[in-house]
Amino acid sequence: MRQPSFQLIRTFAQPLLISAVLAAGTAFASTFPQKPVRIVVPFAPGGGTDLIARTLGQEMSKDLGQPVIIDNKPGAGTIIGTDAVAKAQPDGYTLVMASFAHAVNPSLQPKLPFANDKSFAPVILVGRGPNVLVVRPASPFKTVQDVLAAAKASPGKLTYASQGAGTSAHLGGEMFDNLAKVKTVHIPYRGAGPAMTDLMGGQVDMFFGTAAAVAPFVERGQLRAIAVTSAQPSAAFKGIPTIAESIPGYAVESWYGLYAPAGTPKDVIARLNAAAAKAARAPDFTRKVEQEGLAIAAGDPAELDAYVRGEEKRWARVVKENGIKAD
C-alpha cells in the first residue's frame, strides 16, 4: 500500500491547525478574564491619572468578575511604566492608563524603548478635561496677571511643578512661558501627589495640575485655583477664568486612555472596551469625575487611536517650534 506523501498530509493538516488556533483564541476571549487584570499607572499614587485608574478599575471589576489591580510604576516621564506594558504578554491582563505624556514623549524623547503606533493596541479613550493653574492659599498670586507681573519683574525666579517631563503640567508651563514671553523654572516630580505636597509646603510657586488631581484640594481650601487651561471656561470650576483671557491662544487639555500591548487578541480588546465603557458611564464614576472637569468619551478603540494621533501631531509642532526639551 502506498504511504500518503508529506505534501498530502500538509495539505489536509494545515487548515485543521489554523481552525484549531482560531477556535482556541475565540474560546480564550469568551472566558476572559480568568484572573485579575492589572492597570499600570506610570505615576506615583495620589495624582489625577492614579485617581481615574482606581475609580475606573473599581467599576470595571464589577463587569469583568475579577479584581482590577492598580500598579504604580513612576519614573522617566512615564516611560518606565509604559515600557513595562509594551513588553508585557499580549493577553489582556496588563494595561496602561496613558495620558498626555503618551502623545508628547515621541517628540521629547528621541530614543523611546517603544513605538506608540507599533507597541500598543488602543482600548478606550476614557475622557478629556482641562488643567488648572493652582497656588497655595498664602500665595500673593490671585490672577494670571499677578503671575505675569512677577515673572516679568524677576525672570527665572518663579517655579512651577509638574508630575514629570512631558506631562500636561510641564507643557502647560512651557506654553505659558513661550506665549507670554516670560521665563519660569520647571521642577519635575514623579507624580502629582509629590508635586502638590511641595506646592502646599511652599517649595514651588505654582502647578498646572490636571483637574482630577487638584479639584479635591481646591474644594478643601488647600489650594487656590487661578485659571483653567482650556480654551473655554470649565463648568466644574465656575467663576474661574481661562489663561487664554490673559494669554491669547493658550490651550492645554488632559486626557486618559487605556492601552494593551500590541498583539492582544481583538476579541479580548473588545471585552475590555465594553467593560471600560460601561464603567465610564456608571453613575458613581461619572458623578465623581465630571465634577472635576472630565468629559466622558468612552467610545471604541478607534476613537482613542485617532485622538492620540492628532495630539501627537499637534504637540510635535509645538515642541519643535519652541525648542522644548525634556528635563
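Note that the numbering used here gives residue 177 to position 177 of the sequence shown, counting from 1, and the numbers run on in steps of one. We put the CB at the ideal spot given by N, CA and C, even for glycine.
### Message
Suppose the cutoff is 7 Å on Cβ atoms and the five residues either side in sequence are ignored; what does the same chain contact list for Gly173 look like?
### Response
Counting from 1 along the sequence shown, the entry for residue 173 is found at position 173. Counting only residues of its own chain and dropping the five nearest sequence neighbours on each side, Gly173 has a CB closer than 7 Å to the CB of Tyr160, Ser162, Thr184, His186, Phe208.
### Query
Which same chain residues, not among the five before or five after Lys278, have their C-beta less than 7 Å away from its C-beta?
Reading the sequence shown from its first residue, position 278 is the one you call residue 278. Taking C-beta separations shorter than 7 Å and ignoring five residues to either side along the sequence, the partners of Lys278 in its chain run Asp63, following chain order.
### Query
Ala86 and Phe114: beta carbons closer than 8 Å?
If you number the sequence shown from 1, residue 86 lands on position 86. If you number the sequence shown from 1, residue 114 lands on position 114. With respect to Phe114, Ala86 sits close: the two C-beta atoms are nearer than 8 Å.
### Task
Return the chain-ordered list of same chain residues with a C-beta closer than 8 Å to the C-beta of Gln291, the five sequence neighbours on each side being excluded.
To locate residue 291, count along the sequence shown from 1; it is residue 291. Setting aside the 5 residues that flank it on each side, Gln291 is surrounded in the same chain by Ala215, Ala236, each with a C-beta closer than 8 Å to its C-beta; the list follows chain order.
### Query
Thinking C-beta only, is Pro301 closer than 8 Å to Ile324?
One-based indexing of the sequence shown puts residue 324 at position 324. One-based indexing of the sequence shown puts residue 301 at position 301. With contacts defined by Cβ atoms closer than 8 Å, Ile324 and Pro301 do not form a contacting pair.
### Task
Starting from the N-terminal side, write out each stretch of the alpha helix (DSSP H) that is 4 residues or longer and does not extend beyond the region 171–210.
Counting whole runs of 4 or more residues, the region 171–210 contains the alpha helix (DSSP H) stretches 192–201.
### Query
Terminal residues of the continuous beta strand (DSSP E) containing Asp71?
Here residue 71 refers to the residue found at position 71 of the sequence shown. Note, Asp71: beta strand (DSSP E), 68–72.
### Task
Quick one: give me the first and last residue of the alpha helix (DSSP H) that Arg136 is part of.
Working through the sequence shown from its first residue, we reach residue 136 at position 136. Where Arg136 is concerned, there is no enclosing alpha helix (DSSP H), given that its DSSP letter is neither H nor E.
### Task
For Lys288, collect the residues of the same chain with a Cβ closer than 7 Å to its Cβ; drop the 5 residues on either side in sequence, then sort them by chain order.
In the sequence shown, counting from the first residue as 1, residue 288 sits at position 288. Leaving aside the five residues that flank Lys288 on each side, the residues in its chain whose CB is nearer than 7 Å to its CB run, in chain order, Thr55.
### Task
Just the C-alpha distance for Phe6 and Pro42, rounded to the nearest angstrom, thanks.
What you label residue 6 is simply residue 6 of the sequence shown in a count that begins at 1. What you label residue 42 is simply residue 42 of the sequence shown in a count that begins at 1. With a pLDDT of 44 at Phe6, under the threshold of 50, the predicted position of this residue should be treated as unreliable, and no value is reported.
#### Entry: Proximity below 8 Å, CB of Val126 to CB of Leu258
For this step, residue 126 is matched to residue 126 along the sequence shown. For this step, residue 258 is matched to residue 258 along the sequence shown. Going by C-beta atoms, Val126 is nearer than 8 Å to Leu258.
### Message
For Gly310, count the other beta carbons within 10 Å of its own beta carbon; 16 or more makes it buried, fewer makes it exposed. Which is it?
### Response
For this step, residue 310 is matched to residue 310 along the sequence shown. Counting Cβ neighbours within 10 Å, Gly310 comes out exposed, since fewer than 16 surround it.
#### Entry: Supposed contact pair Leu294 and Ile124 - C-beta distance, whole angstroms, cut 8 Å
Here residue 124 corresponds to residue number 124 of the sequence shown, with the count starting at 1. Here residue 294 corresponds to residue number 294 of the sequence shown, with the count starting at 1. 14 Å between Cβ atoms; not a contact.
#### Entry: Ala276 versus Arg314: straight-line alpha-carbon distance, rounded
Sequence index remark: in the sequence shown, residue 276 carries index 276 (1-based). Sequence index remark: in the sequence shown, residue 314 carries index 314 (1-based). Rounded to the nearest angstrom, the two C-alpha atoms are 27 Å apart.
### Nearest candidate by alpha-carbon position, reference Trp255, set Asp284, Val308, Pro261, Gln203
As a working mapping, residue 255 is identified with position 255 in the sequence shown. Considering only Asp284, Val308, Pro261, Gln203, the residue with the shortest C-alpha distance to Trp255 is Val308.
### Query
Cβ atoms of Ala44 and Gly191: under 8 Å apart, would you say?
Your numbering for residue 191 matches position 191 in the sequence shown. Your numbering for residue 44 matches position 44 in the sequence shown. Yes.
### Query
Around the Cβ of Ala121, are there at least 16 other Cβ atoms within 10 angstroms (buried) or fewer (exposed)?
The count along the sequence shown starts at 1 and reaches residue 121 at position 121. By the Cβ neighbour-count rule, Ala121 is buried, with 16 or more other Cβ atoms within 10 Å of its own.
### Message
Checking 8 Å against the spacing of the C-beta atoms, do Thr49 and Met97 come in under that value?
### Response
As a working note, residue 49 is residue 49 in the sequence shown. As a working note, residue 97 is residue 97 in the sequence shown. Contact check for Thr49 against Met97 passes: the beta carbons are separated by less than 8 Å.
### Query
Is DSSP giving Leu22 helix, strand or coil here?
Taking the sequence shown and counting its residues from 1, one reaches residue 22 at position 22. Because the pLDDT at Leu22 is just 46, under 50, the model does not fix this residue reliably, and the value given afterwards should be weighed accordingly. Residue state, collapsed to three classes: helix.
### Message
Please classify Lys73 as buried or exposed, where buried requires at least 16 neighbouring CB atoms within 10 angstroms.
### Response
For the purposes of this step, residue 73 is taken as residue 73 along the sequence shown, with counting starting at 1. Lys73 should be labelled buried.
### Query
Does the beta carbon of Lys152 sit closer than 8 Å to a beta carbon anywhere in chain C?
The structure shown contains no chain C; it holds only a single protein chain.
### Task
Just the C-alpha distance for Ala211 and Ala195, rounded to the nearest angstrom, thanks.
Within the sequence shown, numbered from 1, the residue matching residue 211 stands at position 211. Within the sequence shown, numbered from 1, the residue matching residue 195 stands at position 195. Ala211 and Ala195 have their C-alpha atoms spaced approximately 14 Å apart.
#### Entry: Assigned secondary structure, Tyr256 (DSSP; H/G/I helix, E/B strand, else coil)
Against the sequence shown, residue 256 aligns to sequence position 256. Taken through DSSP and simplified to helix, strand or coil, Tyr256 comes out as strand.
### Query
Alpha carbon to alpha carbon, how far is Asn273 from Lys35?
Within the sequence shown, residue 273 is the residue found at index 273, counting from 1. Within the sequence shown, residue 35 is the residue found at index 35, counting from 1. So the alpha carbons of these two residues sit roughly 17 Å apart.
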